[in-house]
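The sequence shown begins at 2 in the numbering used here and counts up one residue at a time. To start, the structure itself, in structure tokens.
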Amino acid sequence: MSAITLDGRELGRTIEKDLMSRIDDLKAKGVSPHLAVVIVGDDPASHVYVRNKEIACNRCGIISTRIDLDSTVSEQDILKVVERLNSDESVHGILVQSPLPPSIDESLIIDTISPLKDVDGFHKMNLGNLVQGDRSGLLPCTPAGIMKMLELSDYETSGKNALVIGRSRIVGMPISILLAQKGIDSTVTVAHSRTKNLADICLQADLIIAAIGRAEFVKSEWVKPGAMVIDVGINRVPDPTRKSGFRLTGDVDPEAAKNAGWISPVPGGVGPMTIAMLMSNTVLATEFLSR
Ligand code: GUN
């Protein structure tokens, strides 16, 4: 058996196309959706992600402003930038690219972003709404993208054994909450670095969400035949045959495609879905702020 590949690029474009009429309606009212992205330092991967967000904004007709700050910037100065963007009425979405330098309190920065402009969905208020079962607001983009991927693939989540590997604030925790919610109704297990017998737990899972950031950690033989496998990892591994000297790979051994029923590739799987949901959150925030 060979898995069906979940094409995140194609699904992401479908989501972006569906946003077009809402963006046109806003523009007809004289409102142009505007996303501001703050990036601190020169982490190459973060710069690639931010560039991809700008390209998506251009594709969708969303204004994007990028604020580059030096890696030595103080917490106070980042807070000042966020406060200025909060009070700028022409800006509807604010995103501070993670990771920040270790000296910066990331949660302080995130909770300073106006919850109405928090297009990452990381503010305590937006996460609080999510925990209470309200999915109508600004949801974290990667978990929301995974849910869309499952929905657009007509995957029935109800009653399925879902295994989330990783408990991060950005992906693992919020996706585990979403999958367990009423109407989605999966039975969720969260595995992490202290989990024992992961291979056995994996073999019980109908749906695996791998979000640990370790290259090809989930082995092909851990995947139950026919399972849905969503690979969130984007890992750079050395590859002397490439001009760049590296290649991108996920958290799942690509050989798992032989066992799985469906698998999301890396690159071209969850990444474009995350970006499409960022565009969707920016439009939602603009609609809310311009009511
Ligand atoms: N770094 C990696 N993924 C993300 C994301 O979704 N949002 C932000 N702000 N930073 C990230």
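Note that CB positions come from ideal geometry on N, CA and C, so glycine has one too.
*For isoleucine 40, the residue or residues it bridges with in DSSP*: The sequence position of residue 40 within the sequence shown is 39, counting from 1. Its beta-bridge partners are Asp69.
*Using the C-alpha atoms, what's the distance from glycine 129 back to isoleucine 114?*
Your numbering for residue 114 matches position 113 in the sequence shown. Your numbering for residue 129 matches position 128 in the sequence shown. So the two alpha carbons sit approximately 15 Å from each other.
_C-alpha distance - isoleucine 105 paired with valine 120, whole-angstrom precision_ = Against the sequence shown, residue 105 aligns to sequence position 104. Against the sequence shown, residue 120 aligns to sequence position 119. Cα-Cα distance, rounded: 20 Å.
*asked:* Three or more C-beta pairs under 8 Å: does that hold for the segment 131-138 against the segment 149-168?
replied: no
*Can you give me the Cβ contacts of threonine 66 inside the same chain, cut-off strictly under 8 Å, excluding the 5 residues immediately before and after it?*
Your numbering for residue 66 matches position 65 in the sequence shown. So the qualifying residues of the chain are His35, Leu36, Ala37, Val38, Val92.
*Which runs of the beta strand (DSSP E) fall wholly inside the segment 157-212 and span at least 3 residues, in chain order?*
162-166, 188-192, 208-211
*Any heavy atom of the ligand GUN within a distance shorter than 7 Å of the CB on aspartate 121?*
Counted from its first residue, the sequence shown places residue 121 at position 120. Yes, since a heavy atom of the ligand GUN falls inside the 7 Å radius drawn around the Cβ of aspartate 121.
_Reduced DSSP secondary structure (H/G/I, E/B, other) of aspartate 135_ = Position 134 of the sequence shown holds residue 135. DSSP places aspartate 135 in coil when its eight states are reduced to three.
*Quick one: give me the first and last residue of the beta strand (DSSP E) that serine 260 is part of.*
As a position in the sequence shown, residue 260 is number 259, starting the count at 1. First, the amino acid is wrong: residue 260 is asparagine here, not serine. Segment: none, asparagine 260 is in no beta strand (DSSP E) and carries neither H nor E.
*Assuming leucine 279 and cysteine 142 make a contact with CB atoms under 8 Å, what is their CB distance in whole Å?*
Numbered from 1 along the sequence shown, position 278 holds the residue referred to as residue 279. Numbered from 1 along the sequence shown, position 141 holds the residue referred to as residue 142. Leucine 279 to cysteine 142, Cβ: 5 Å. Contact.
*Leaving out five residues on either side along the sequence, give the residues of the same chain with a beta carbon under 7 Å from the beta carbon of glutamate 1.*
Outside the displayed span of the chain (2 to 292) sits residue 1, for which this structure offers no information.
*Residue environment, aspartate 19, which counts as buried when at least 16 other CB atoms sit within 10 Å*: As a working mapping, residue 19 is identified with position 18 in the sequence shown. When all chains shown are included, aspartate 19 counts as exposed.
*Cα separation between serine 154 and valine 97?*
Translated into the one-based positions of the sequence shown, residue 154 becomes position 153. Translated into the one-based positions of the sequence shown, residue 97 becomes position 96. Distance between the alpha carbons of serine 154 and valine 97: 31 Å.
*Can you say whether glycine 246 is buried or exposed, counting buried as having 16 or more other CB atoms within 10 angstroms of its CB?*
What you label residue 246 is simply residue 245 of the sequence shown in a count that begins at 1. Under this definition glycine 246 is an exposed residue.
*Select from Val83, Thr15, Ile95 the residue whose C-alpha is nearest the C-alpha of leucine 290.*
Taking the sequence shown and counting its residues from 1, one reaches residue 290 at position 289. Closest option to leucine 290, Cα to Cα, is Ile95.
*Burial state of methionine 150, where buried means 16 or more other Cβ atoms lie within 10 Å*: Sequence index remark: in the sequence shown, residue 150 carries index 149 (1-based). With 16 or more other Cβ atoms within 10 Å, it is buried.
*serine 72 classed as buried or exposed, judged by whether at least 16 other C-beta atoms fall within 10 angstroms*: Locating residue 72 in the sequence shown gives position 71, where the first residue counts as 1. It is exposed - the Cβ of serine 72 has fewer than 16 other Cβ atoms within 10 Å.
*For the alpha helix (DSSP H) containing valine 224, list its first residue and its last residue.*
Taking the first residue of the sequence shown as 1, we reach residue 224 at position 223. Counting along the chain, valine 224 falls outside any alpha helix (DSSP H), and DSSP gives it neither H nor E.
*Is glutamine 133 near the ligand GUN, with its Cβ less than 7 Å from a heavy atom?*
The residue given as residue 133 occupies position 132 in the sequence shown. Answer for glutamine 133: no, Cβ out of range of the ligand GUN.
*Comparing the CB of isoleucine 213 with every heavy atom of the ligand GUN, is any distance shorter than 7 Å?*
Within the sequence shown, numbered from 1, the residue matching residue 213 stands at position 212. Every heavy atom of the ligand GUN is 7 Å or more from the Cβ of isoleucine 213, so no.
*In this structure, does DSSP put phenylalanine 289 in helix, strand or coil?*
By one-based count along the sequence shown, residue 289 stands at place 288. If DSSP states are grouped into helix, strand and coil, phenylalanine 289 belongs with the helices.
*Mapping DSSP to helix, strand and coil, what is aspartate 119?*
Taking the sequence shown and counting its residues from 1, the one referred to as residue 119 is at position 118. In the structure shown, aspartate 119 sits in a strand (DSSP, three-state: E or B).
*When you compare only the Cα positions, how much space is there between leucine 7 and isoleucine 264?*
Reading the sequence shown from its first residue, position 6 is the one you call residue 7. Reading the sequence shown from its first residue, position 263 is the one you call residue 264. Each residue's Cα considered, the two are about 6 Å apart.
*Identify the residues that DSSP records as bridge partners of proline 239: which are they?*
Position 238 of the sequence shown holds residue 239. According to DSSP, which records beta bridges pairwise, proline 239 is partnered with Phe247.
*glycine 146, enclosing alpha helix (DSSP H) - first and last residue*: Within the sequence shown, numbered from 1, the residue matching residue 146 stands at position 145. From DSSP, the alpha helix (DSSP H) with glycine 146 extends over 142-153.
*Would the C-beta of serine 99 count as close to the ligand GUN, meaning under 7 Å from any of its heavy atoms?*
Here the question's residue 99 lines up with position 98 in the sequence shown. Yes, since a heavy atom of the ligand GUN falls inside the 7 Å radius drawn around the Cβ of serine 99.
*Span of the beta strand (DSSP E) holding valine 253?*
Reading the sequence shown from its first residue, position 252 is the one you call residue 253. Looking at the DSSP string, valine 253 is not in any beta strand (DSSP E), and its letter there is neither H nor E.
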